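Note sheet for the following structure.
Protein chains in written order, with the numbering used here: chain A, 2 to 323; chain B, 2 to 323.
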C-alpha cells in the first residue's frame with residue numbers, strides 16, 4: 002500500500018516537473034467560416050459556401066465509367082462519389098448588394114443550407130440584399146429564398162431570373178408533362194417564387210442588358226432552358242459567374258463532353274460548356290462557379306483543344322487580392 | 002421653385018416606394034480568418050496562414066526567364082512578382098499539441114507575422130503548444146517563437162530542430178564565413194534560439210525516430226543543411242509536411258529543376274525536390290508545404306517524368322473531411 006502511494010506520488014511529481022503548466026489541449030474540431038473575399042475593381046466579392054455534396058459517377062453520361070474513374074484518380078477525388086460543392090456569391094457594388102444564387106435547403110440535403118449562416122459570418126444580413134440574380138431555378142440555387150414556413154427571407158430584394166427560366170419552371174403545362182422524378186424540382190421552384198410573386202419582387206428579363214450597374218446576364222442555356230451566367234465588371238476587371246457550366250470539376254474540365262443527369266437538354270448543355278470554356282480560357286477571364294471547389298473562383302486553362310484545367314485563385318488577405 | 006420642390010418630393014416618395022427599408026450596405030472588406038482544419042485519422046490538423054509574399058522571378062535559377070514567364074502565365078500568376086505564401090501547421094494528436102514551423106515576424110515582412118492571430122482565431126493559444134518542430138531555421142519559419150523583446154512566446158514547448166540545422170545556423174564559424182547578405186539569417190536564428198537554449202527548451206535530433214507518437218522527422222537536406230520534413234501518421238492516414246521543397250509552385254512543380262536563391266546547396270535542393278516529388282506522387286501521399294497556396298495541403302500528380310502538378314484539397318466542413 003505504501004509502495005503504491007509512493008509510486009503515485011512520484012508519478013505526480015514527475016508529471017509536474019515534466020510540464021509545469023501544460024495540459025492536453027482539447028480539439029476544436031470546427032471549420033473556418035465558409036466565406037472568402039476578393040476585390041474586383043471597386044466591387045467587393047464574397048464567395049459563400051452552402052455546403053459539400055457528393056456527385057455520383059452514375060450521374061454522368063456521354064463518357065464511360067473507366068474514363069470517369071481515371072479522371073477522378075488524376076484529381077485525387079473519391080470515386081464513385083466525387084466531392085462537389087454548392088457556392089453562391091455576394092457582390093457589393095457600393096450602391097447595390099447583390100446575391101447571385103441562394104444555395105439549397107437542409108431539407109433538400111442536410112449537408113447544404115449553410116448560406117445564411119456563412120453570409121452572417123461574412124458580415125451581411127438578408128435584409129441588406131437589394132438584388133438577387135438567379136442562374137436557374139434548380140433547388141440548390143434557390144434554397145435560402147424562403148424560410149421553413151415558405152415566407153420570403155430577402156424582404157428588400159428584387160429577384161431576377163431569365164423569363165424563359167421562370168416560364169419553364171412555373172408553367173403548369175411543363176410541370177405536368179415532366180417525368181415523375183423531375184416533379185419535385187417544379188414544386189420547389191413554385192414554392193420559392195410564390196411569396197416573391199405575391200409581393201411583386203419577382204422579376205424576369207429577356208435581354209443581356211445590365212440589371213444593376215456593372216452586372217449583366219449572359220445566356221448559357223442548356224443545363225436548364227433559361228440557365229444564365231452573370232458578368233460582373235468594375236474598372237475593367239471582370240468576374241464571369243457561370244452558374245452550372247461545370248458540376249463535376251474532376252471530370253468535366255478534362256472532358257467537357259461529359260453531361261450530367263440534371264441537364265434538361267444535355268446536347269445544348271455540352272455545347273454551351275464547350276463554347277464558354279473556350280471563350281474564358283482564350284480571354285483569360287476570372288470565373289466563378291456554383292459547383293467549383295470553394296471558393297470556386299479561378300481561371301480556366303486550355304491544355305489541348307477540348308481539354309481544360311481549373312486553376313483556382315490563391316488565398317490572399319483582402320487588401321492584397323485586388 | 003414650386004416645381005423644384007414638387008420634383009424633389011416626387012423623387013423622395015418614389016425612392017421610399019422603390020425600396021422601403023433598403024440602405025446601401027457598407028463594404029466589410031475583411032478576409033476570413035487564415036486557418037483551415039482537416040482530420041487525419043484521430044489527429045486534428047490546422048493549417049495556419051502567416052501571410053502572403055511576392056516571389057520575384059530573379060530569385061530562380063537553373064531555368065531561363067522566358068520559361069518562368071511561360072509557366073507563370075500557365076498558372077495565371079503575376080509576373081515577375083509571383084504570389085507566394087507562408088504557412089505553418091498545428092497538429093493536435095490528442096495528447097500533444099504540435100506546431101510545425103512558426104512563420105515570420107512583421108519586422109521581416111509587414112505582410113507576414115499573422116500566425117499567432119490566426120492560431121487564436123483557430124481556438125488555440127501559444128501556452129497550449131507543448132512541441133514545436135522546425136523544418137529549418139530560415140526567418141520565415143521561426144518568427145513567432147520570440148516576441149518583440151526577444152522573449153520566448155511558447156513557454157511550455159520543447160523546440161525541436163535537426164542537429165545539423167541547429168549546428169549550422171548557431172555555429173559562430175559558419176556565421177562568420179557566410180557572405181554578408183546571409184548574415185541576417187544567422188542573427189535571426191541565434192536570436193530566436195537564445196531564450197529556448199537558456200531555458201533548456203531547445204532540442205536537437207539526429208535520427209528519423211518519432212519525436213512525439215505519430216510524428217517523425219524525415220531528412221530533406223539541401224535547401225538548408227538540416228532541412229527536415231515531418232511525417233504525421235494516425236490510423237494509417239499520412240500527412241507529409243515537406244517544409245520548403247517548393248517555394249514557387251507555379252514554376253517548380255512543372256520544372257522541379259528550378260532552384261531558388263535561398264537554397265544553401267542548390268544542387269542538393271533540386272535533387273531532394275526531385276526525389277520527394279517522385280515519391281509522394283507515386284505513393285499518392287497527402288502533402289503540406291509552407292509555401293504552397295494556403296492551406297497548402299494536397300497531392301502531387303506526375304504528368305510526365307520530372308513534370309508535376311499540384312492538386313489542392315477541396316474545402317470541406319470539418320466533419321466531412323476525414
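Here a beta-carbon is modelled for each residue, glycine too, at the ideal position from N, C-alpha and C. No experiment lies behind these values; they were computed from the predicted model shown.
### Query
What alpha helix (DSSP H) runs, 4 residues minimum, are completely inside the stretch 107 to 142 of chain B?
Here the runs fully enclosed are 116 to 122.
### Query
By Cβ distance, which residues of its chain are closer than 8 Å to residue 233(B), with the 5 residues on each side in sequence left out?
Translated into positions along the second chain, residue 233(B) becomes position 232. A distance below 8 Å between beta-carbons, with the five flanking residues on each side excluded, links residue 233(B) to the following residues of its chain, in chain order: 41, 44, 46, 92, 215, 216, 239, 240, 241, 242.
### Query
Enumerated in chain order, which unbroken segments of the alpha helix (DSSP H) with a length of 4 residues or greater are wholly contained in the stretch 248 to 287 of chain B?
For the stretch 248 to 287 of chain B, whole alpha helix (DSSP H) runs of length 4 or above, ordered along the chain, are 250 to 253, 267 to 284.
### Message
By the DSSP assignment, the beta strand (DSSP E) with residue 303(B) in it spans what residues?
### Response
As a position in the second chain, residue 303(B) is number 302, starting the count at 1. In the DSSP annotation of this structure, the continuous segment of the beta strand (DSSP E) that includes residue 303(B) starts and ends at 298 to 305.
### Query
For residue 233(A), which of helix, strand or coil comes out of DSSP?
In the first chain, counting from the first residue as 1, residue 233(A) sits at position 232. Residue 233(A) falls in the strand class under three-state DSSP.
### Query
Is the stretch 148 to 159 of chain B touching the stretch 50 to 59 of chain A in the sense that three or more CB pairs, one from each, lie closer than 8 Å?
No: fewer than three Cβ pairs fall under 8 Å.
### Proximity to residue 253(A) [Cα-Cα], best of 273(A), 235(A), 125(A)
Position 252 of the first chain, counted from the start, is the residue given in the question as residue 253(A). Comparing Cα positions, the closest option is 273(A).
### Query
Any chance the stretch 82 to 92 of chain A sits against the stretch 279 to 293 of chain A, with 3 or more Cβ pairs inside 8 Å?
Contact holds: three or more Cβ-Cβ distances are below 8 Å.
#### Entry: Neighbour-count burial assignment, residue 106(A), 16 or more Cβ in a 10 Å radius
Translated into positions along the first chain, residue 106(A) becomes position 105. Burial call: buried.
### Query
For the alpha helix (DSSP H) that contains residue 186(B), what are its first and last residues?
Counting from one through the second chain, the residue named residue 186(B) turns up at place 185. Segment 184 to 199, the alpha helix (DSSP H) holding residue 186(B).
### Query
What residue from 285(B), 67(B), 98(B), 115(B) has the CA that sits closest to residue 34(B)'s CA?
By 1-based counting over the second chain, the position of residue 34(B) is 33. Minimum Cα distance to residue 34(B) is reached at 115(B).
### Task
Tell me, please, whether the CB atom of residue 16(B) is closer than 8 Å to any CB atom in chain A?
Indexing the second chain from 1 puts residue 16(B) at position 15. Note that residue 16(B) scores a pLDDT of 44, beneath 50, so its modelled location is shaky; the value from the coordinates is reported in the next line. Closer than 8 Å: no.
### Message
With H, G and I counted as helix, E and B as strand and the rest as coil, what does DSSP make of residue 152(A)?
### Response
Your numbering for residue 152(A) matches position 151 in the first chain. The answer is coil: DSSP assigns residue 152(A) none of H, G, I, E or B.
### Task
Look at the alpha carbon of residue 247(B) and the alpha carbon of residue 246(A), and state the distance between them as a whole number of angstroms.
Translated into positions along the second chain, residue 247(B) becomes position 246. Translated into positions along the first chain, residue 246(A) becomes position 245. About 33 Å.
### Task
Establish whether the CB of residue 282(A) and some CB of chain B are separated by less than 8 Å.
In the first chain, the residue the question calls residue 282(A) occupies position 281. For residue 282(A), the answer is no, since every Cβ of chain B falls outside 8 Å of its Cβ.
### Task
Determine, using beta-carbon pairs with one atom in the stretch 134 to 150 of chain A and one in the stretch 64 to 78 of chain A, whether at least three such pairs fall under 8 Å.
No: the two stretches stay apart, fewer than three of their Cβ pairs being nearer than 8 Å.
### Message
Can you tell me whether residue 159(B) is helix, strand or coil according to DSSP?
### Response
Counted from its first residue, the second chain places residue 159(B) at position 158. Residue state for residue 159(B) is assigned as strand, using DSSP reduced to three classes.
### Query
Does DSSP classify residue 293(A) as helix, strand or coil?
Here residue 293(A) refers to the residue found at position 292 when the first chain is read from its first residue. Note: residue 293(A) maps to coil in three-state DSSP.
### Message
Quick check on DSSP: helix, strand or coil for residue 69(B)?
### Response
Taking the first residue of the second chain as position 1, residue 69(B) is located at position 68. The answer is helix: DSSP assigns residue 69(B) an H, G or I state.
### Message
Assuming the contact rule is C-beta atoms closer than 8 Å, residue 270(B) and residue 308(B) should be a hit. Round their C-beta distance to whole Å, please.
### Response
For the purposes of this step, residue 270(B) is taken as residue 269 along the second chain, with counting starting at 1. For the purposes of this step, residue 308(B) is taken as residue 307 along the second chain, with counting starting at 1. Under the criterion of beta carbons closer than 8 Å, residue 270(B) and residue 308(B) do not qualify as touching, at roughly 18 Å.
### Message
With DSSP as the reference, identify every bridge partner of residue 83(A), one or two as the case may be.
### Response
Your numbering for residue 83(A) matches position 82 in the first chain. When DSSP reads this structure, residue 83(A) sits in a beta bridge with 56(A).
### Query
Under a three-way DSSP split, which group does residue 93(A) fall into?
Residue mapping note: residue 93(A) aligns to position 92 of the first chain, counting from 1. Looking at residue 93(A) - three-state DSSP - the assignment turns out to be strand.
### CA-to-CA distance, residue 126(B) to residue 31(A), given in whole angstroms
Counting from 1 along the first chain, the entry for residue 31(A) is found at position 30. Counting from 1 along the second chain, the entry for residue 126(B) is found at position 125. Cα to Cα, the separation comes out at about 16 Å.
#### Entry: Whole-number beta carbon distance between residue 230(A) and residue 136(A), since they are thought to touch under 8 Å
Working through the first chain from its first residue, we reach residue 136(A) at position 135. Working through the first chain from its first residue, we reach residue 230(A) at position 229. 7 Å between Cβ atoms; contact.
### Task
With 7 Å as the limit, tell me which residues of the stretch 26 to 50 of chain B have their beta carbon closer than that to any beta carbon of chain A; keep them in chain order.
Taking 7 Å as the Cβ-Cβ cut-off against chain A, the residues of the stretch 26 to 50 of chain B that qualify are 26, 28, 29, 30, 31, 32, 33, 34, 36, 37, 38, 45, 50.
### Message
Using CA atoms only, rank isn't needed, just tell me which of 187(B), 205(B), 123(B) is closest to residue 141(B).
### Response
On the second chain, position 140 is the one that residue 141(B) refers to. Of the candidates 187(B), 205(B), 123(B), the one whose C-alpha sits nearest the C-alpha of residue 141(B) is 187(B).
### Task
Compare the Cα-Cα distances from residue 81(A) to each of 98(A), 60(A), 184(A), 97(A) and report the closest residue.
Residue mapping note: residue 81(A) aligns to position 80 of the first chain, counting from 1. It is 60(A).
### Message
Beta carbons nearer than 7 Å to chain A: which residues of the stretch 264 to 280 of chain B have them?
### Response
Per Cβ criterion, the list is empty.
### Message
Let me confirm a value: residue 235(B) is counted as buried when at least 16 other C-beta atoms fall within 10 Å, else exposed. Which label applies?
### Response
On the second chain, residue 235(B) is found 234 positions in, with the first residue counted as 1. By the Cβ neighbour-count rule, residue 235(B) is buried, with 16 or more other Cβ atoms within 10 Å of its own.
### Query
Shorter than 8 Å from the beta carbon of residue 84(B) to some beta carbon of chain A?
Stepping through the second chain from its first residue, residue 84(B) is reached at position 83. Using a CB distance cut-off of 8 Å, residue 84(B) counts as an interface residue toward chain A.
### Message
Considering just the uninterrupted stretch of the alpha helix (DSSP H) at residue 164(A), what are its terminal residues?
### Response
Start at 1 with the first residue of the first chain, and residue 164(A) comes out as number 163. Going by DSSP, residue 164(A) is part of the alpha helix (DSSP H) stretching over 164 to 171.
### Query
For residue 13(A), is the classification buried or exposed, using 16 other Cβ atoms within 10 angstroms of its Cβ as the cut-off for buried?
Counting from one through the first chain, the residue named residue 13(A) turns up at place 12. For residue 13(A), the predicted structure reports a pLDDT of 46, less than 50, and the residue's modelled location is therefore unreliable. A value from the coordinates is still provided. In summary, residue 13(A) is exposed, with fewer than 16 beta-carbon neighbours lying within 10 Å of its beta-carbon over all protein chains present.
### Query
Would the beta-carbon of residue 132(B) fall within 8 Å of that of residue 154(B)?
Position 131 of the second chain, counting from 1, holds the residue named residue 132(B). Position 153 of the second chain, counting from 1, holds the residue named residue 154(B). Contact: no.
### Query
With distances taken between CB atoms, is the gap from residue 195(B) to residue 138(B) smaller than 8 Å?
As a first step, residue 195(B) must be located in the second chain, where it is residue number 194. As a first step, residue 138(B) must be located in the second chain, where it is residue number 137. In this structure, residue 195(B) keeps its C-beta atom at 8 Å or more from the C-beta atom of residue 138(B).
### Message
Which residues of the stretch 206 to 219 of chain A have a Cβ closer than 7 Å to any Cβ of chain D? Give them in chain order.
### Response
Annotation note: the requested chain D is absent from the structure, which comprises protein chains A and B.
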